[in-house]
Amino acid sequence: MQNLHALAALLDVTIDYDDLTHLGRDGDYDRRTRTIRLQRGMLYRLERSVLAHELIHVIRDDEKTMFGFYDARDERIADELAGYLLFEISEYRLAEEKCGSHIEGIALELGVMGWVIEAFQRSLDRLGESVYVHGRMGVGQFVARFEAVA
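With the UniProt record's numbering as the guide, the letters of the sequence shown map in order to residues 1 to 150.
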């Protein structure tokens, strides 16, 4: 959690804890004021997951639009990339080896919410017996590659 707060400070973003129940969400980012608001009193792994998600919005400089399609896309991307702030691919691999395909087990092992794991898995490509992280067309064009868990 300290790393996430340090990243927020590096990005010159303020983190406020507030009551967001009336909004029906656990966090949001105001681009104008460079403020992330988080629901007060969240469980540790929920707070980590939501903060990482909101920090991705900061990094990508996301802004709400009047087009739901684009906003939904930005939310999906923030979910997918949050995992990269929260754990190393090697940690994910070990958790998957230990828990198999059990999403909640992997999430508990890594101290995040299940939706972070589901979204993170969407960024992986499984081809045969290998898993590629951010794979693209062409030989050797991927961030990482490792053997898939059976």
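Yeah, the Cβ is synthetic: ideal placement off N, Cα and C, and Gly gets one too.
Per the C-alpha coordinates, the member of G111, V58 and Q2 positioned closest to G27 is V58. Under the three-state reduction of DSSP, L43 is assigned to coil, being neither helix nor strand.
The three-state reading of DSSP puts T65 in coil, since its state is none of H, G, I, E or B. Shortest Cα-Cα distance from D30 to any of L81, R45 and V13 involves V13. Per DSSP, reduced to three states, the secondary structure at L124 is strand.
Checking the DSSP bridge columns, you'll see G27 partnered with L38. Measuring C-alpha to C-alpha distances from M113 to each of I89, R122, G83 and G100 identifies G83 as the nearest. Assigned with DSSP and collapsed to three states, T33 falls in coil, not helix or strand. T14 is bridged by DSSP to T35. Per DSSP, reduced to three states, the secondary structure at S49 is helical. When rounded, the separation of the alpha-carbon atoms in T65 and A72 is 10 Å. With 16 or more other Cβ atoms inside 10 Å of its own Cβ, F120 counts as buried.
Cβ-Cβ separation between I15 and L43: approximately 17 Å, too far for a contact (criterion under 8 Å). Collapsing the DSSP output to three states places D19 in coil.
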